[in-house]
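I have placed the structure first, in the form of structure tokens, so that the comments after it can refer back to it.
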Amino acid sequence: MARSKNRATTEVNAGSMADIAFLLLIFFLVTTTIANDKGITMRLPPPPDPNNPPPEVTKNDKNIFKILANSQDNLLVEDEPWEEDPSALKEEIKKFILNFGNPGPEGLDIYNSLPPGMKTYISINGRSQDSAEDPTEAVVSFKAQRGTSYELYIAVLDAINTAYNEVYGERVGLTAEEFLALDKSNPIQKDLYDRARQGIPRAISIAEPDKVGGR
Amino acid sequence: MGKFSKSSGTSQEIPTAALPDIIFMLLFFFMVTTVLREQDLLVRQQLPKATQLTKIEKKSLVSYIYIGQPRNTDQYGNEPKIQTNDVFTEVDDIIQFVNQEKDKLDENQRDKITMSFKVDQETEMGIVSDVQEKLRKANALKVLYSSRKVAPQE
Chain A
13 MARSKNRATT
23 EVNAGSMADI
33 AFLLLIFFLV
43 TTTIANDKGI
53 TMRLPPPPDP
63 NNPPPEVTKN
73 DKNIFKILAN
83 SQDNLLVEDE
93 PWEEDPSALK
103 EEIKKFILNF
113 GNPGPEGLDI
123 YNSLPPGMKT
133 YISINGRSQD
143 SAEDPTEAVV
153 SFKAQRGTSY
163 ELYIAVLDAI
173 NTAYNEVYGE
183 RVGLTAEEFL
193 ALDKSNPIQK
203 DLYDRARQGI
213 PRAISIAEPD
223 KVGGR
Chain B
6 MGKFSKSSGT
16 SQEIPTAALP
26 DIIFMLLFFF
36 MVTTVLREQD
46 LLVRQQLPKA
56 TQLTKIEKKS
66 LVSYIYIGQP
76 RNTDQYGNEP
86 KIQTNDVFTE
96 VDDIIQFVNQ
106 EKDKLDENQR
116 DKITMSFKVD
126 QETEMGIVSD
136 VQEKLRKANA
146 LKVLYSSRKV
156 APQE
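Next up, the structure:
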């Protein structure tokens, strides 16, 4: 029969399949971008309610750590010009958050819950009378102007977050990175996260920029 | 010596029959792990650097707002502009945009909507804070400032 003669060539030639697949592969390599969406999360304050004006600020001035940025991208930190890199702010902020100048009962509870290493840190740095009374009261306030660059805004926000994450991490024996990587859907890690956060609020106040400078 | 060279008449070629399968596996890997670029960027995007980054937990809850200098400066000028989806928007239209995005979500998830700011680092804060003001009015309070990862300085 004629069929039996051609038996050797009835197979489909699959050799070029690899080339076709390669072409497709290269197409996808070129046209796609790996999703890498990461960033600094923040919660905006709720919209102002006209029937319910915001309460008067009764916070003691020393409980507020003030950072101002002007439209020339200069920083004013606690009424002093800041000449260094914005990332160096984190040490100052950490000192401020962990200051126990005049702790209330809640502040004392927090102090007693801290690990020994942090207590030593506080006994060296954290007894200043002109800084925050205790961590429950401390607020970091950041105010930028309309002309401030977004780059500086993020740099300062990042420094504030680093300070908080390092404090939280240190409380439970983690680094800032490990603290950030905690998975809140995992009960053990969630518990660790809650213990780190307990009592020390991430109190970052972003003031509305002045209507001067820039566009 | 001669024993080895004459031992068999089989061909010396490497079998390539499995090569397409390997390539296909690679292909599927890339197809699954990548997303097609959803929209054309009309503004310059040089994201700022930061260290304390968190990943987005649920991508479906995220909407993007792009701000920066237009790429096509001849046509649109040098002033920073806001882009949502594929078009330029004005600050006053942000509330409408947020409501549109919220309508796409289930009712019980609408408060969890996250607005991701993709802002060029050269941009001034004025336009960003205008947008934030509108987001507060539109009750989309969770924001994410997209940034590039850098190692923290010690």
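The listed protein sequences derive, respectively, from chains A and B. Start counting the first sequence at 13; every next residue gets the next number (the working numbering). Start counting the second sequence at 6; every next residue gets the next number (the working numbering). Every residue, glycine too, gets a C-beta built ideally from N, C-alpha and C.
Quiz prompt | Cut-off 7 angstroms between Cβ atoms - residues of its own chain near Ser1(B), not counting five sequence neighbours on either side | solution = In the structure as shown, chain B starts at 6 and stops at 159, and residue 1(B) therefore has no counterpart that could be examined.
Practice problem: Taking all protein chains shown into account, decide if Ile27(B) is buried (16 or more other Cβ within 10 angstroms of its Cβ) or exposed. | Solution: The residue given as residue 27(B) occupies position 22 in the second sequence. With fewer than 16 other Cβ atoms within 10 Å, it is exposed.
Quiz item: Within 10 angstroms of its Cβ, does Thr56(B) collect 16 or more other Cβ (buried), or is it exposed?
Solution: Mapped onto the second sequence, residue 56(B) falls at position 51. So Thr56(B) counts as buried.
Self-check item: Whole-Å CB distance - Ile76(A) paired with Leu87(A), under 8 angstroms assumed
Solution: If you number the first sequence from 1, residue 76(A) lands on position 64. If you number the first sequence from 1, residue 87(A) lands on position 75. Their Cβ separation, rounded to whole angstroms, is 16 angstroms, which puts Ile76(A) and Leu87(A) out of contact at 8 angstroms.
Quiz item: Under a three-way DSSP split, which group does Leu149(B) fall into?
Solution: Taking the first residue of the second sequence as 1, we reach residue 149(B) at position 144. Secondary structure at Leu149(B): strand, using DSSP grouped into helix, strand and coil.
Exercise. Excluding the 5 residues preceding and the 5 following Tyr123(A) in the sequence, name in chain order all residues of the same chain whose CB lies nearer than 8 angstroms to its CB.
Key: Within the first sequence, the letter at position 111 stands for residue 123(A). Closer than 8 angstroms at the Cβ level, and outside the excluded window around Tyr123(A), lie Phe112, Pro115, Lys131, Ile134, Asp146.
Quiz prompt | For Ile100(B) and Thr94(B), believed in contact at Cβ under 8 angstroms, the rounded distance | solution = As a position in the second sequence, residue 94(B) is number 89, starting the count at 1. As a position in the second sequence, residue 100(B) is number 95, starting the count at 1. Taking a contact as a CB-CB distance under 8 angstroms, the pair Thr94(B) and Ile100(B) does not count as one, their CB atoms being some 11 angstroms apart.
Quiz item: What in chain D is Cβ-close to Phe35(B), meaning under 8 angstroms?
Solution: Protein chains in the displayed structure are A and B, and chain D is not among them.
Exercise. Using a Cβ cut-off of 8 angstroms (strictly closer), state whether Gly82(B) contacts chain A.
Key: In the second sequence, the residue the question calls residue 82(B) occupies position 77. Taking a beta-carbon distance threshold of 8 angstroms, Gly82(B) does not count as an interface residue toward chain A.
Quiz item: Apart from the five residues on each side of it in sequence, which residues of its chain come closer than 8 angstroms, Cβ to Cβ, to Asp121(A)?
Solution: Within the first sequence, numbered from 1, the residue matching residue 121(A) stands at position 109. Gly211.
Quiz item: Just the Cα atoms here: how many angstroms apart are Arg141(B) and Gln114(B)?
Solution: On the second sequence, position 136 is the one that residue 141(B) refers to. On the second sequence, position 109 is the one that residue 114(B) refers to. When rounded, the distance between both Cα atoms is 17 angstroms.
Quiz prompt | Continuous beta strand (DSSP E) stretch holding Arg55(A): start and end | solution = If you number the first sequence from 1, residue 55(A) lands on position 43. In the DSSP annotation of this structure, the continuous segment of the beta strand (DSSP E) that includes Arg55(A) starts and ends at 50-55.
Quiz item: Hey, does Arg141(B) have any beta-carbon neighbour from chain A nearer than 8 angstroms?
Solution: Numbered from 1 along the second sequence, position 136 holds the residue referred to as residue 141(B). Interface residue, yes.
Quiz item: Taking only beta-carbon atoms, is Thr56(B) less than 8 angstroms away from chain A?
Solution: As a working mapping, residue 56(B) is identified with position 51 in the second sequence. In terms of beta-carbon proximity, Thr56(B) lines the interface with chain A, with at least one pair separated by less than 8 angstroms.
Quiz item: In chain order, what residues of the stretch 56-84 of chain A put their CB closer than 9 angstroms to some CB of chain B?
Solution: Flagged, chain order: Leu56, Pro57, Pro58, Pro59, Pro60, Ala81, Ser83.
Quiz prompt | Interfacial residues, the stretch 150-166 of chain A to chain B, with Cβ spacing under 8 angstroms | solution = Listed by position along the chain: Ala156, Gln157, Arg158, Gly159, Thr160, Ser161, Tyr162, Glu163, Tyr165, Ile166.
Exercise. Using the DSSP secondary-structure output, state which residues sit across from Ile79(A) in a beta bridge.
Key: Reading the first sequence from its first residue, position 67 is the one you call residue 79(A). The partner list for Ile79(A) (beta bridge, DSSP) reads Val89(A), Phe154(A).
Practice problem: Using a Cβ-Cβ cut-off of 8 angstroms, state whether Ile19(B) counts as contacting chain A. | Solution: As a position in the second sequence, residue 19(B) is number 14, starting the count at 1. Taking Cβ atoms only, chain A never reaches closer than 8 angstroms to Ile19(B), which makes this a no.
Practice problem: Report the three-state DSSP secondary structure of Phe122(B) (helix, strand or coil). | Solution: Within the second sequence, numbered from 1, the residue matching residue 122(B) stands at position 117. Here Phe122(B) sits in strand by DSSP.
Quiz item: Whose Cβ in chain B lies nearer than 8 angstroms to the Cβ of Pro221(A)?
Solution: Sequence index remark: in the first sequence, residue 221(A) carries index 209 (1-based). Met130, Gly131, Ser134, listed in chain order.
Quiz item: Can you check whether the CB of Ile72(B) is closer than 8 angstroms to the CB of Val133(B)?
Solution: If you number the second sequence from 1, residue 133(B) lands on position 128. If you number the second sequence from 1, residue 72(B) lands on position 67. For Val133(B) and Ile72(B), yes; Cβs fall inside 8 angstroms.
Self-check item: Alpha-carbon spacing of Arg227(A) relative to Ala156(B), whole angstroms
Solution: As a working note, residue 227(A) is residue 215 in the first sequence. As a working note, residue 156(B) is residue 151 in the second sequence. Below a pLDDT of 50, predicted positions are generally treated as unreliable, and Arg227(A), at 45, falls in that range; the measurement from the model is reported next regardless. Taking the straight line from one Cα to the other gives about 33 angstroms.
Quiz item: At least one CB of chain A closer than 8 angstroms to the CB of Leu24(B): is that the case?
Solution: Position 19 of the second sequence, counted from the first residue, corresponds to residue 24(B). Closer than 8 angstroms to some Cβ of chain A, the Cβ of Leu24(B) qualifies, so yes.
Quiz item: When Cβ atoms are compared, which residues of the stretch 143-157 of chain B fall closer than 9 angstroms to chain A?
Solution: Here the close residues are Ala143, Asn144, Ala145, Leu146, Lys147, Val148, Leu149, Tyr150, Ser151, Ser152, Arg153, Lys154, Pro157.
Quiz item: Using the beta-carbon count (16 or more within 10 Å), is Phe34(B) buried or exposed?
Solution: Counted from its first residue, the second sequence places residue 34(B) at position 29. Exposed: under 16 other Cβ atoms inside 10 Å.
Quiz prompt | Cβ-based neighbour list, Lys71(A), same chain, cut-off 8 angstroms, excluding 5 preceding and 5 following | solution = Residue 71(A) sits at position 59 when you count from the first residue of the first sequence. Hits under 8 angstroms: Glu149, Val151.
Practice problem: Leaving aside the five residues before and after Leu36(A) along the sequence, list all residues of the same chain whose C-beta is less than 6 angstroms from its C-beta, in chain order. | Solution: Counted from its first residue, the first sequence places residue 36(A) at position 24. Cβ within range, chain order: n/a, list empty.
Exercise. Spell out the partners DSSP gives Phe39(A) in its beta bridges.
Key: In the first sequence, the residue the question calls residue 39(A) occupies position 27. DSSP lists no beta-bridge partner residue for Phe39(A).
Self-check item: Given Ser68(B) as reference, the closest of Asp108(B), Lys154(B), Gln17(B) once Cα atoms are compared
Solution: Within the second sequence, numbered from 1, the residue matching residue 68(B) stands at position 63. Checked all of Asp108(B), Lys154(B), Gln17(B); the closest Cα to Ser68(B) is Asp108(B).
Practice problem: Could you check what DSSP says for Ala11(A) in three-state terms: helix, strand or coil? | Solution: Because residue 11(A) is not part of the residues shown, which for chain A are 13 to 227, the question remains open.
Quiz item: By the 10 Å Cβ neighbour count, where 16 or more other Cβ atoms means buried, how is Thr78(B) classified, buried or exposed?
Solution: Along the second sequence, one-based indexing puts residue 78(B) at 73. Its Cβ having fewer than 16 others within 10 Å, Thr78(B) is exposed.
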